[in-house]
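Reading through the structure tokens given below for one structure.
2 protein chains.
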Amino acid sequence: MSLIDLSKQVALGVDIGGTNTKFGIVNHRGEVLDKGNLRTDAYEKVEDFIDALYEQVHPLMEKHGTEKHFDGIGVGAPNANYYKGTIELAPNLPWKGVIPFAELMTAKFGLPCTVTNDANAAALGEMLFGAARGMKDFIMITLGTGVGSGIIANGNLIYGHDGFAGELGHTIVKPGGRKHWSTGSEGSLEAYASATGITITAKKMRAEFPESMLNQYPEDEINSKTVYECAMKEDPIAIEVFRYTGQKLGEALANFVMFSSPQAILLFGGVIKAGDFILKPAKLHMERNLLPIFRNKVKLVFSELDEADAAILGASALVWEK
Amino acid sequence: MSLIDLSKQVALGVDIGGTNTKFGIVNHRGEVLDKGNLRTDAYEKVEDFIDALYEQVHPLMEKHGTEKHFDGIGVGAPNANYYKGTIELAPNLPWKGVIPFAELMTAKFGLPCTVTNDANAAALGEMLFGAARGMKDFIMITLGTGVGSGIIANGNLIYGHDGFAGELGHTIVKPGGRKHWSTGSEGSLEAYASATGITITAKKMRAEFPESMLNQYPEDEINSKTVYECAMKEDPIAIEVFRYTGQKLGEALANFVMFSSPQAILLFGGVIKAGDFILKPAKLHMERNLLPIFRNKVKLVFSELDEADAAILGASALVWEK
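Top to bottom, those sequences are chains A and B. Note that the working numbering has the first sequence beginning at 7, numbered continuously upward. Note that the working numbering has the second sequence beginning at 7, numbered continuously upward.
What follows is the structure, given as structure tokens:
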């Protein structure tokens, strides 16, 4: 009987987005040994997509040959069901219906495959390789085009009875508030704290305040990046856009804390480039809405993972979580 | 080596409330073999309380003698910390500061002792003996003078990093809304959906509608019981009091579902006597605020445990959860 040599064990991490798919071969230390990408939207049939992925990955697996042992494949994808290994009715992917993705991957690669949604994968990545190392209770919030979340309680991801737990972006922070462009719900966190939400807030506020620097841009250039540029130049309206965003985020975070009492909340994604413009009001309004027993206990921190690799690391972490 | 005979194993369940403490000897089937109670508020010192409890319990333990084996003691109490075995700064108990309650109990009884808050204990009771038998993901909401909660995910109670998770009564359902009489927070679930909240709503509504039957009672008799009496007599204002309460509850439940995706939400406590007057609007507004993937999946049900014994059963369940 030989001992298991951890340094030889690797996983394939795959992150599937609406436009692009990234993949990487990752070791136990969270080092990405090799990586690549392909277009998701170039493949109408999921089987063709998996064939194309295999074409790219297989030479890399061959290259590592007997040097490394592949433990399995982890996949982060929208609407992925951890329990069933399926991707279900994902509006942003070209493959319609319920796709038995893990099964198809295993058939092609000959390796066990686990899927979950991208924010859950990101949370696992943070726990194994990032800012949440050693933590057993934390919440990961991804602030990008949308708002995603992954919740770790007592060292485990919360999947819920059907595998769909952790849709915190769709919790309501302002009943009867802003209508969501896609779900139709009124006043959800995503409607305010996503990049899309920030753009809406900015367009509304610059219309109200003609003196704002934000009015120097054409309509289609208003986004969280240009708001950030104006905030850096001390435009009070741009600063107010982020303050308001941070307030809504903070109010939502207080509710999350009173649910699972995490040690930390990790923020990740494009929106966090706004830094303290969002973080400070978020912290203020989180603390203000907490019961005293929860106050000044929860760390509110940014992700430590390199954004380019985070999704791959998170997906690969799925392999070792089990 | 002898086999363990489950039918002989029993636990002592203790439920500590601000005024009264109930206790019972419970077997693995959730049968209360013996029970009793004492005043909590009659003992200024916690040691005296524990001595008095022992005086009552010990004869019962002697009675079962060699017949039964006592596995341990489970205690449900306000502000109880599961990890530390303490009761901390409980505003409604006579004992101030941080009380090492489990340690004191073990010293007196010679049995291992576990503590948690009453709503967590109730959730465990439902999982072992009640409506949640066989469920691995559900949320228990207790609607009494206050609103408490216990959250089970993947078969385990969520305690959080500090043991205080599951304060869902204090999540904000209406930012800037009704000020809470004790915490000072604005728009918390407890401010609307507790018996106290219902009384406030009823007083406000009867002042606005002089024709309401609710105006036939003196001010100090307005409570969820009299509102129920008027609702049963088809007073539209009394019915509206419950509908509004149910709406706020339902909106909050939708947020909870998108957090942990439970199979069911169990409602327990005095307020549920209002039955469909609250349950129907709660269900309606929960479904309305859910993402489509969560709709028509979550059962919203009343507790099955006998209210007189539920707290004792829940506390005893702590012994066998470990």
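By construction, the Cβ of each residue, glycine as well, lies at the ideal position given by its N, Cα and C atoms. None of the values given here were measured: they were computed from a predicted structure.
Check your understanding: Around the C-beta of Ala113 (chain B), are 16 or more other C-beta atoms found within 10 angstroms, so that it is buried, or is it exposed?
Key -> Exposed is the call here.
Point to revise | Interface residues of the stretch 261-286 of chain A facing chain B [CB-CB below 9 angstroms] | key: Contacts with chain B (Cβ-Cβ distance below 9 angstroms) from the stretch 261-286 of chain A involve Asn261, Phe262, Val263, Met264, Phe265, Ser266, Ser267, Pro268, Gln269, Ala270, listed in chain order.
Practice item. Apply the 10 Å Cβ neighbour rule to Asp57 (chain B) and answer buried if 16 or more other Cβ atoms are within range, or exposed otherwise. Key: Counting C-beta atoms within 10 angstroms of its own C-beta, Asp57 (chain B) has fewer than 16 neighbours from the protein chains shown and is therefore classed as exposed.
Exercise for review: Return yes when the Cβ of Ile228 (chain A) is within less than 7 angstroms of the Cβ of Thr251 (chain A), no when it is not.
Suggested key: The criterion of a C-beta distance shorter than 7 angstroms is not satisfied by Thr251 (chain A) and Ile228 (chain A).
Check your understanding: Quick one: what's His75 (chain A) bridged to in DSSP?
Key -> Beta-bridge pairing by DSSP links His75 (chain A) to A:Gln15.
Check your understanding: Buried or exposed: where does Glu291 (chain A) fall if 16 or more other Cβ atoms within 10 Å of its Cβ makes it buried?
Key -> Reading off the sequence, residue 291 (chain A) comes out as His, not Glu. The residue in question, His291 (chain A), is buried, as its Cβ has 16 or more Cβ neighbours within 10 Å.
Check your understanding: Closest by CA to Lys51 (chain B), which one among B:Thr72, B:Lys279, B:Trp101, B:Ile147?
Key -> From the listed residues B:Thr72, B:Lys279, B:Trp101, B:Ile147, the smallest Cα separation to Lys51 (chain B) is found for B:Trp101.
Point to revise | Reference Asn26 (chain A); option with closest CA among A:Phe107, A:Ala314, A:Ile79 | key: The candidate whose alpha carbon is nearest that of Asn26 (chain A) is A:Ala314.
Exercise for review: Could you tell me the distance, in whole angstroms, from the CA atom of Ala159 (chain A) to the CA atom of Ala138 (chain B)?
Suggested key: Distance between the alpha carbons of Ala159 (chain A) and Ala138 (chain B): 21 angstroms.
Review point. Going along the stretch 171-190 of chain A in order, which residues come within less than 8 angstroms of chain B, judged by CB to CB distance?
Key: The stretch 171-190 of chain A vs chain B, Cβ under 8 angstroms: Ala171, Gly172, Glu173, Leu174, His176, Thr177, Ile178, Val179, Lys180, Pro181, Thr189.
Exercise for review: If I'm right that Gly80 (chain B) touches Ala108 (chain B) with Cβ under 8 angstroms, what's the distance once you round it to whole angstroms?
Suggested key: That belief does not hold up - the Cβ atoms of Gly80 (chain B) and Ala108 (chain B) are roughly 10 angstroms apart, past 8 angstroms.
Review point. According to DSSP, what are the bridge partners of Ser194 (chain B)?
Key: Looking at the DSSP output, Ser194 (chain B) bridges to B:Ile178.
Review point. Nearest to Val179 (chain A) by CA position, among B:Val247, B:Asn162, B:Met264, B:Val153, is which residue?
Key: Relative to the Cα of Val179 (chain A), the nearest Cα in the group B:Val247, B:Asn162, B:Met264, B:Val153 belongs to B:Met264.
Review point. Smallest Cα separation from Gly136 (chain A): which of A:Glu310, A:Lys254, A:Glu68?
Key: Among A:Glu310, A:Lys254, A:Glu68, the Cα nearest to that of Gly136 (chain A) is on A:Glu310.
**Study point:** Straight-line Cα distance separating Pro106 (chain B) from Ile93 (chain B)
**Key:** Ile93 (chain B) and Pro106 (chain B) have their C-alpha atoms roughly 7 angstroms apart.
Check your understanding: Taking Cβ positions only, does Lys297 (chain A) come closer than 7 angstroms to chain B?
Key -> The residue asked about is misnamed: residue 297 (chain A) is Leu in this sequence, not Lys. Look at Leu297 (chain A): its C-beta is under 7 angstroms from a C-beta on chain B.
Point to revise | Proximity test, Cβ basis, 7 angstroms: Ala208 (chain B) and chain A | key: Under the 7 angstroms criterion on CB atoms, Ala208 (chain B) is classed as non-interfacial with respect to chain A.
Review point. Hey, does Ala159 (chain A) have any beta-carbon neighbour from chain B nearer than 7 angstroms?
Key: Yes, Ala159 (chain A) counts as interfacial toward chain B.
Point to revise | Cross-strand partners of Arg45 (chain B) (DSSP beta bridge) | key: Partner(s): B:Asn26.
Practice item. Could you please give me the residues that DSSP links to Met146 (chain B) through a beta bridge? Key: DSSP lists B:Gly156, B:Leu272 as partners of Met146 (chain B).
Review point. Counting only beta-carbon atoms, is His167 (chain B) nearer than 7 angstroms to chain A?
Key: Closer than 7 angstroms to some Cβ of chain A, the Cβ of His167 (chain B) qualifies, so yes.
Check your understanding: Mind checking if Met7 (chain A) is an interface residue toward chain B, Cβ cutoff 7 angstroms exclusive?
Key -> Note that Met7 (chain A) scores 40 on pLDDT, short of 50, meaning its location in the model is unreliable and no value can be drawn from it.
Practice item. Pick out the complete beta strand (DSSP E) segments inside the stretch 57-136 of chain A, 3 residues or longer, and give them in chain order. Key: You should have 75-82, 92-94, 119-122.
Check your understanding: Interface residues of chain A around Ile164 (chain B) at Cβ under 9 angstroms?
Key -> Simply Asp143, Ala159, Asn160, Ile164, Phe265, Ser266, Ser267.
Point to revise | Check whether His34 (chain B) and Asp143 (chain A) have beta carbons under 7 angstroms apart | key: Judged by their CB atoms, His34 (chain B) and Asp143 (chain A) are not nearer to each other than the 7 angstroms cut-off.
Practice item. Taking C-beta pairs closer than 8 angstroms, name the residues in chain A that Glu132 (chain B) reaches, listed in chain order. Key: Those within 8 angstroms of Glu132 (chain B) in chain A number zero; the least Cβ separation is about 15 angstroms.
Point to revise | Environment of Glu196 (chain A) [buried if 16+ CB atoms lie within 10 Å] | key: Buried, by the Cβ-count rule.
**Study point:** Validate contact between the stretch 55-69 of chain A and the stretch 15-29 of chain A using beta carbons, cut 8 angstroms, 3 pairs
**Key:** Touching, yes, given that three or more Cβ pairs across the two stretches are closer than 8 angstroms.
Practice item. Could you pull out every residue in the same chain whose Cβ sits closer than 6 angstroms to the Cβ of Glu192 (chain B), ignoring the five residues on either side in sequence? Key: Exclusion of the five residues before and after Glu192 (chain B) leaves Gly182, Gly183, Lys185 as the residues of its chain whose Cβ lies within less than 6 angstroms of its Cβ.
Review point. According to DSSP, is Met7 (chain B) helix, strand or coil?
Key: Note on Met7 (chain B): pLDDT 40, under 50, position unreliable in the model; the coordinate value appears next. Reduced to three states, the DSSP call for Met7 (chain B) is coil.
Exercise for review: Indicate the three-state DSSP secondary structure (helix, strand or coil) for Leu220 (chain B) in the structure shown.
Suggested key: Under the three-state reduction of DSSP, Leu220 (chain B) is assigned to helix.
Review point. Looking at Phe308 (chain B) and Leu273 (chain B), is the spacing between their C-beta atoms short of 7 angstroms?
Key: A contact, by the Cβ cut-off of 7 angstroms.
Review point. Excluding sequence positions up to five away, which residues of its chain have a Cβ less than 7 angstroms from the Cβ of Gly23 (chain A)?
Key: Thr46.
Review point. Quick one: is Glu257 (chain A) near chain B, going by C-beta distance under 7 angstroms?
Key: Output row for Glu257 (chain A): interface = yes.
Exercise for review: Starting from the beta carbon of Lys303 (chain A), find every residue of chain B whose beta carbon is closer than 7 angstroms, and list them in chain order.
Suggested key: For Lys303 (chain A), the C-beta contacts it makes with chain B under 7 angstroms involve Asp168, in order along the chain.
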